[in-house]
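Numbering (my numbering), first residue to last: 1148 to 1746.
Heads up, the beta-carbon is just placed ideally off N, CA and C, and yes, glycines get one too.
Have a look at the structure below, then the notes.
Shown next as structure tokens:
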């Protein structure tokens, strides 16, 4: 997966973004190789995923889902990827990037000459320019309220990773320069930026020549020329919308959405090892080898069949029956027992802790606009019971998570827990909740995924406990489309999860900064914003940790919600499939799909 944007991770583990990666270790720099796995070249495998595919643009706000990102990862190439040791691995066969200057921070990206899209068009700097325009929000002149609603001006690109005001970290960059006969793009940052290596260019997945054509422009070069002519957007003095830019942005935002196989082949162009060749809505998707691809790791398989199976138990059954070869469900007591029973019987199993966690978030509007009501509700949450009834049944050592920005194995976790305020919610306090409510009986609608057993169990326990304090808890559990309702105002509290690719810290603002894309509960705190502004420009790990601890304390003081538990992970596969390795971050088992093979 890529960085500098939001991913709505709606699989068994989570929904919505990249987080919690500040203290997992500094990125490495490793040259990529094709990698072999000991299996034969050719054949296919079938992989189960929780959610159905919806878009070929996982960067767009409406397409920012984990399954979309995984398919993009298998069908597109780029400058680097993150391995399961949380190293940033360079793909020199695709191109290179280099720091040209520290003051100002200047990064040059160069794509190799032979890289092309599956329609034969070159992958070049015009594609990078389009990605920059979408991610930087350079041309946006919209003034937003604390909930991200446009008050005046124009917000062109609906980029899912918007965090710093109207854009991502690339909002700190000037208009890029194209060079080397259209193969390089140079970015200059207005100030230092800690995550520059992973902020831009992990994958190139939206073809500029297609967007240009759909917007009525001559070609990709004309698109870049337009960007060079337009002034930087100024929310204080918004200009009349530019018609051409509107057309470009509108197609980028929605033109790549697809739940059925598009008849227009330009919608699903590939520049990676595989290309999508068929889709059955809500059921499956088929990837087949891109025979022209030669600018990255060489895939061993001829193709990958992806089945969408929401229920974890059904995934286990499909694996047992030979209907799937690889599954990575969130373990429950039942699925863990079933997987253990299969282990050694032709099924390989590995369990681990993921870089993700389940949590309860409260909306800062409606019934929870009153902080006393928020605090009262949080006092009723039986976190110990939730852990005992869910993840502790598969991991006896599991405990409630006590931080919003650290995981237990990360440096800083033990220190932040000492004084971040989490101790105030160590146990249930019904009487304290009643005092805060002062006789009121608020109605609270809780949204969660019914297909996720752990979250369904958590809701039941929360509803039972909160009712003792006078809350009227409404079951807002939904089916597979539940991620589409995040932030839409249809609920008061939500149980879901955050997922991380495992490196960098700039994704933290995507969750907690005022108006950011994945700030679904409209949390807004000026002190928190200041801390995050500092966090993104400091690359000193000790100082980052100090800022994160301060941010953690600020979030707890606002009665934002409660972290519940770190997400357990499991990968099970047919032992005849080689090269399958767990990945604790967002990319998951897909991280090295090119090494998968059959014995």
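Within this structure, are the beta carbons of residue i and residue j separated by less than 9 angstroms?
{"i": "residue 1195", "j": "residue 1630", "result": "no"}
{"i": "residue 1353", "j": "residue 1204", "result": "yes"}
{"i": "residue 1706", "j": "residue 1522", "result": "yes"}
{"i": "residue 1537", "j": "residue 1550", "result": "no"}
{"i": "residue 1651", "j": "residue 1501", "result": "no"}
{"i": "residue 1351", "j": "residue 1278", "result": "yes"}
{"i": "residue 1480", "j": "residue 1467", "result": "no"}
{"i": "residue 1273", "j": "residue 1367", "result": "yes"}
{"i": "residue 1298", "j": "residue 1284", "result": "no"}
{"i": "residue 1190", "j": "residue 1745", "result": "yes"}
{"i": "residue 1262", "j": "residue 1216", "result": "no"}
{"i": "residue 1514", "j": "residue 1590", "result": "yes"}
{"i": "residue 1524", "j": "residue 1349", "result": "no"}
{"i": "residue 1711", "j": "residue 1598", "result": "no"}
{"i": "residue 1483", "j": "residue 1399", "result": "no"}
For residue i, I'd like the list of residues in its chain whose CB is within less than 8 angstroms of its CB, leaving aside the five on either flank, ordered along the chain.
{"i": "residue 1340", "result": "1252, 1316, 1319, 1346, 1653, 1683 and 1684"}
{"i": "residue 1112", "result": "The structure shown does not extend to residue 1112, since the chain is modelled only from 1148 to 1746, so the question has no answer here."}
{"i": "residue 1610", "result": "1593, 1620 and 1622"}
{"i": "residue 1193", "result": "1451, 1452, 1453, 1454, 1470, 1471, 1472 and 1473"}
How big is the Cα-Cα spacing for residue i and residue j?
{"i": "residue 1460", "j": "residue 1716", "result": "14 angstroms"}
{"i": "residue 1769", "j": "residue 1576", "result": "Given that the chain is displayed from residue 1148 to residue 1746, the structure contains no residue 1769 and the question cannot be resolved."}
{"i": "residue 1446", "j": "residue 1306", "result": "30 angstroms"}
{"i": "residue 1371", "j": "residue 1392", "result": "11 angstroms"}
{"i": "residue 1389", "j": "residue 1250", "result": "33 angstroms"}
{"i": "residue 1672", "j": "residue 1220", "result": "35 angstroms"}
{"i": "residue 1448", "j": "residue 1441", "result": "15 angstroms"}
{"i": "residue 1476", "j": "residue 1497", "result": "12 angstroms"}
{"i": "residue 1169", "j": "residue 1559", "result": "With a pLDDT of 25 at residue 1169, under the threshold of 50, the modelled position of that residue is not reliable, and the figure given next carries that caveat. So the two alpha carbons sit approximately 10 angstroms from each other."}
{"i": "residue 1462", "j": "residue 1455", "result": "9 angstroms"}
{"i": "residue 1582", "j": "residue 1602", "result": "28 angstroms"}
{"i": "residue 1312", "j": "residue 1670", "result": "Model confidence at residue 1312 stands at a pLDDT of 40, short of 50, so the residue's coordinates are unreliable and nothing is read from them."}
{"i": "residue 1542", "j": "residue 1439", "result": "46 angstroms"}
{"i": "residue 1430", "j": "residue 1222", "result": "19 angstroms"}
{"i": "residue 1742", "j": "residue 1727", "result": "8 angstroms"}
{"i": "residue 1687", "j": "residue 1427", "result": "48 angstroms"}
{"i": "residue 1585", "j": "residue 1552", "result": "32 angstroms"}
{"i": "residue 1302", "j": "residue 1384", "result": "14 angstroms"}
{"i": "residue 1565", "j": "residue 1381", "result": "43 angstroms"}
{"i": "residue 1286", "j": "residue 1336", "result": "16 angstroms"}
Can you give me the Cβ contacts of residue i inside the same chain, cut-off strictly under 6 angstroms, excluding the 5 residues immediately before and after it?
{"i": "residue 1310", "result": "Low confidence applies here, because residue 1310 scores a pLDDT of 45, under 50, leaving its location unreliable; read the following figure in that light. The residues are 1656, 1657, 1660 and 1663."}
{"i": "residue 1157", "result": "Caution applies to residue 1157, whose pLDDT of 29 falls short of 50 and renders its modelled position unreliable; the value that the coordinates give is listed next. The residues are 1198, 1212, 1213 and 1630."}
{"i": "residue 1623", "result": "1592, 1593, 1594 and 1638"}
{"i": "residue 1627", "result": "1457"}
{"i": "residue 1567", "result": "1699, 1700 and 1703"}
{"i": "residue 1596", "result": "1602 and 1629"}
{"i": "residue 1666", "result": "none"}
{"i": "residue 1478", "result": "1541, 1715 and 1717"}
Spatial neighbours of residue i within its chain, please: CB distance less than 7 angstroms, with the 5 preceding and 5 following residues excluded, ordered by chain position.
{"i": "residue 1175", "result": "Residue confidence is low: residue 1175 scores 32 on pLDDT, short of 50, so the model does not pin down where it sits. No coordinate-derived value is stated."}
{"i": "residue 1357", "result": "1413 and 1416"}
{"i": "residue 1546", "result": "1534"}
{"i": "residue 1675", "result": "1659, 1698, 1701 and 1702"}
{"i": "residue 1166", "result": "Because the pLDDT at residue 1166 is just 31, under 50, the model does not fix this residue reliably, and the point stays unresolved."}
{"i": "residue 1425", "result": "1408 and 1433"}
{"i": "residue 1369", "result": "1359"}
Could you give the first and the last residue of the continuous beta strand (DSSP E) run that contains residue i?
{"i": "residue 1511", "result": "Residue 1511 -> no beta strand (DSSP E), and no H or E assigned at all."}
{"i": "residue 1681", "result": "That residue, residue 1681, is in no beta strand (DSSP E); its alpha helix (DSSP H) goes 1673-1682."}
{"i": "residue 1426", "result": "1421-1427"}
{"i": "residue 1644", "result": "1640-1646"}
{"i": "residue 1620", "result": "1619-1625"}
{"i": "residue 1713", "result": "1708-1721"}
{"i": "residue 1243", "result": "1242-1249"}
{"i": "residue 1229", "result": "1227-1229"}
{"i": "residue 1324", "result": "1324-1326"}
Mind checking which residues open and close the alpha helix (DSSP H) that includes residue i?
{"i": "residue 1701", "result": "1688-1704"}
{"i": "residue 1606", "result": "1600-1614"}
{"i": "residue 1650", "result": "Note, residue 1650: premise wrong, no alpha helix (DSSP H); not H, not E."}
{"i": "residue 1519", "result": "1518-1526"}
{"i": "residue 1275", "result": "1272-1283"}
Under the criterion of a Cβ to heavy atom distance below 8 angstroms, does residue i qualify as lining the ligand FMN?
{"i": "residue 1473", "result": "No copy of the ligand FMN appears in this structure; indeed no ligand is present at all."}
Just checking: is the beta-carbon of residue i within a distance shorter than 9 angstroms of some beta-carbon in chain B?
{"i": "residue 1198", "result": "No chain B appears in this structure, which consists of one protein chain only."}
Take every Cβ of the segment 1371-1379, pair it with every Cβ of the segment 1432-1450, and state whether three or more of those distances are shorter than 8 angstroms.
No: fewer than three Cβ pairs fall under 8 angstroms.
At least 3 beta-carbon pairs within less than 8 angstroms: the segment 1640-1650 vs the segment 1499-1508
Contact holds: three or more Cβ-Cβ distances are below 8 angstroms.
Across the segment 1565-1580 and the segment 1722-1741, are there enough close Cβ pairs to call them in contact, namely three or more that are closer than 8 angstroms?
no
Pairing CB atoms from the segment 1719-1728 with CB atoms from the segment 1690-1710, are three or more of them under 8 angstroms?
no
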